Amino acid sequence: MKSSRVFKYGDNVNTDVIYPGKYTYSLLEPEEMARHALEDLDPGFADKVQAGDVIVAGKNFGCGSSREQAASCLKYAGVRAVIAVSFARIFFRNAINQGLPVLSSPEAAEKLEEGDRIEIDFKQGEIRSDRGVFSFPPFPDSVLGILEAGGLIPYTKEKLKKERGTGCRS
Amino acid sequence: MGKTIIEKIIQDHTQDEVSPGRIVWMDLDVRTARDFGGPNVVKNFEREYGEIPVENPRKTFFTFDLCVPACSLKYAENQQVCRLFARKKGIRIFDVDSGIGSHVLIEEGLARARRTVVGTDSHMNILGAVSCFGQGMGDVDITFAFKTGKTWFEVPETVKVVIEGIPSSSTGAKDLALFILKNLGTKKAALKAVEFTGDVFRRFALSDRITLCSMVTEMAGIIGFIPEFDASVEKQIEGFMGVPYEPYAADGDAVYADTIRINAAGLVPQVSVPFLPHKVEDVACLTEIPIDTGFIGSCTNGRTEDIARAARVLKGRKVKDGVSLKIVPATRRVYRELLENGILENLFMSGAIISNPGCGGCAEGHIGLTGSGETQVSTGNRNFEGKQGKGRTYLAGPEVVAASCILGRMGTPEDL
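Sequence lines, in order, name chains X and D.
Just add 789 to wherever you are in the first sequence, counting from 1, and you've got this note's numbering.
Just add 190 to wherever you are in the second sequence, counting from 1, and you've got this note's numbering.
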């Protein structure tokens, strides 16, 4: 049994439907942010999603406003990765900085369907499913470093510790 | 091998080798946060770095532009969170009276040619209008920038977009921007820097440059530059910013990912149809659409020249009964210019509502959301479902918005 279940959406999924603007003005806790993930695209998502599930979508995923919460709410909801034909730049950065892998694989994005079970091999750059094995370009070392550290801030702290021999406040 | 404009700017700010696809650590000349994203920057910073100072307070700014002055308790609290942090760290704030942050940075000469600037505004790439690297980022990126003065950045490829022909005189920069967006969609310039060339740009004023460059975000591009300009435009930009205009030009042997030619000869007024910015048609195809409300402003069309275009259409005419027209100057400087040259009075006499400077309705801020079934025509840059309320928003240039509010239906000044 493959571990991750697929939630499938279309092209141009924008940050307003990933995390509605009305919640961005409050500094909410992670659990509450997770409850509003994809609220205006798929109102049932927050109830259905389980840790390890993945989102599969079309082109330009995450277009629109720069809100960090569009990436963090998905991570807090337990989303393991987002696979899409392409990503809007700011969302792509935010996801990496949150430690949420974003994989560009037009083939996987086309073939995978809602409810499919898949397995992602980050080292090999492969998405395995009953519909086939799809490859994605491996992350460059610098990005992999950020992802492996769990995001940009943990990464910086590690880097600062190494460079200066002193940690910042944890 | 030669370099494109973005490659040259990035190379000035990194020790790493710059070529498309490489990720470099780059220095940031200016880092900003606004009342959207800013409070999270403060929260992140205090949680992770506590009492450590920001890297350089003189290069760090807050710009409040979304909900100014605060219209909800949440915004009031968030702005005050930023103010208290700014006082503690010695950071300057362009507060609720200032206007749109990206525009203020240009007016103040902080964002200028060859510099690198980031902020929590997805339209920060508007700074390409003055040949400055500008990039919108999330709050974790900006926290990191406050702390280190640096960011990681993947050097993008550059596409050249060649505009052939001259649009008709009934159009402005917004019509051309929408037409380019229609042609590029969200794929052809995706994740790339754009260099726009063509005779039409030689006399593109600063406000026109701002309009086009702001909409590179909707093209899914990284940033747009307009390397062509004549002496009058150079003089205008220098006079406006009070600093020399010294933009980079691409090398003759620079490498482009693609060259896209778009024929804009005889272009007529354009409008973007809900709910995707790149769904663009001729206004002439949509003159049956009834309009309930109009909005003129935003980082795309909030300059004095933009509002003056609308004022010329409105002069001696009235907004139709039952229709509202909301006008929001981009900055305090724009407001003053409109006041001094009598445009505000003309707008008022035409029945327009005039707000203090800021982002206006674009991000559920001030001056009006739409209700279910309400139709808005706006000079903004996005018309996603739910972005400005429950209604439907069309995007157009200032003349079309003004004419539509007089007619009570979609139309151009020629229909009056």
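Even for Gly, the Cβ is constructed at its ideal location relative to N, Cα and C.
Here the structure is a predicted model, which is why all the values come from computation and not from measurement.
If we count the other Cβ atoms within 10 Å of its Cβ and call it buried at 16 or more, is residue i buried or exposed?
i	result
Ala-840 (chain X)	exposed
Thr-449 (chain D)	exposed
Phe-154 (chain D)	Here chain D covers residues 191 to 606 and nothing more, so residue 154 (chain D) does not appear.
Gln-269 (chain D)	buried
Gly-550 (chain D)	buried
Val-591 (chain D)	buried
Arg-277 (chain D)	exposed
Lys-912 (chain X)	exposed
Arg-248 (chain D)	exposed
Leu-529 (chain D)	exposed
Ser-793 (chain X)	buried
Arg-237 (chain D)	exposed
Gly-954 (chain X)	The pLDDT assigned to Gly-954 (chain X) is 47, lower than 50, so where the model puts this residue is not dependable, and the model offers no usable value.
Pro-929 (chain X)	exposed
Gly-799 (chain X)	exposed
Phe-425 (chain D)	Reading off the sequence shown, one finds Lys at residue 425 (chain D), where the question assumed Phe. Counting Cβ neighbours within 10 Å, Lys-425 (chain D) comes out exposed, since fewer than 16 surround it.
Helix, strand or coil: how does DSSP classify residue i here?
i	result
Met-405 (chain D)	coil
Leu-515 (chain D)	strand
Asp-285 (chain D)	coil
Arg-451 (chain D)	strand
Gly-934 (chain X)	helix
Lys-337 (chain D)	helix
Leu-892 (chain X)	strand
Asp-420 (chain D)	coil
Cys-957 (chain X)	Only weak support is given to the placement of Cys-957 (chain X): the predicted model assigns it a pLDDT of 37, under 50, and the question is left unresolved by the model.
Glu-589 (chain D)	helix
Gly-484 (chain D)	strand
Ala-363 (chain D)	helix
Phe-251 (chain D)	strand
Asp-441 (chain D)	coil
Gln-201 (chain D)	helix
Val-307 (chain D)	strand
Met-191 (chain D)	coil
Ser-815 (chain X)	coil
Ile-748 (chain X)	In the structure as shown, chain X begins at 790 and stops at 959. Residue 748 (chain X) is therefore absent and cannot be evaluated.
Ser-321 (chain D)	coil
Gln-426 (chain D)	helix
Per DSSP, which residues does residue i bridge with? Please list them.
i	result
Cys-852 (chain X)	X:Asn-803
Arg-906 (chain X)	X:Arg-794
Asp-329 (chain D)	In DSSP, Asp-329 (chain D) forms no bridge with anything.
Met-216 (chain D)	D:Thr-341
Val-349 (chain D)	D:Val-384 and D:Asp-448
Thr-376 (chain D)	None; Thr-376 (chain D) has no bridge partner.
Glu-915 (chain X)	X:Asp-910 and X:Ser-924
Ile-544 (chain D)	D:Ile-517
Arg-599 (chain D)	D:Pro-480
Ile-413 (chain D)	D:Ala-383
Gly-833 (chain X)	None, per the DSSP bridge assignment.
Rounded to a whole number of angstroms, what is the C-alpha to C-alpha distance between residue i and residue j?
i	j	result
Phe-574 (chain D)	Phe-323 (chain D)	26 Å
Glu-344 (chain D)	Ala-593 (chain D)	43 Å
Met-790 (chain X)	Arg-906 (chain X)	Residue placement at Met-790 (chain X) cannot be trusted, given a pLDDT of 46 that sits under 50; the coordinates are not used to answer.
Asn-491 (chain D)	Asn-883 (chain X)	28 Å
Val-874 (chain X)	Pro-895 (chain X)	4 Å
Lys-198 (chain D)	Asp-441 (chain D)	9 Å
Ala-498 (chain D)	Thr-945 (chain X)	48 Å
Glu-354 (chain D)	Leu-374 (chain D)	15 Å
Val-258 (chain D)	Thr-521 (chain D)	12 Å
Cys-475 (chain D)	Gly-601 (chain D)	10 Å
Ala-363 (chain D)	Gln-325 (chain D)	22 Å
Ser-959 (chain X)	Val-232 (chain D)	Bear in mind that a pLDDT of 34 at Ser-959 (chain X), under 50, signals an unreliable position, so the model cannot answer this.
Arg-507 (chain D)	Arg-523 (chain D)	26 Å
Cys-957 (chain X)	Asp-202 (chain D)	The predicted position of Cys-957 (chain X) is uncertain, since its pLDDT is 37 and thus under 50; a value taken from the coordinates is nonetheless stated next. Looking at the two C-alpha atoms, the distance is approximately 30 Å.
Trp-215 (chain D)	Glu-207 (chain D)	10 Å
Lys-340 (chain D)	Val-220 (chain D)	10 Å
Ile-619 (chain D)	Thr-560 (chain D)	Only positions 191 to 606 of chain D appear in this structure, which leaves residue 619 (chain D) out of reach.
For the beta strand (DSSP E) holding residue i, just list the boundary residues, first then last.
i	result
Tyr-584 (chain D)	582-585
Arg-224 (chain D)	220-224
Asp-496 (chain D)	Segment 494-504 is the alpha helix (DSSP H) holding Asp-496 (chain D); no beta strand (DSSP E) there.
Val-843 (chain X)	843-846
Gln-858 (chain X)	Unbroken run through Gln-858 (chain X) is the alpha helix (DSSP H), 858-865; no beta strand (DSSP E).
Ser-462 (chain D)	460-462
The alpha helix (DSSP H) spanning residue i covers which residue range?
i	result
Gln-269 (chain D)	263-279
Ile-879 (chain X)	878-887
Val-524 (chain D)	522-530
Val-231 (chain D)	228-238
Val-294 (chain D)	291-297
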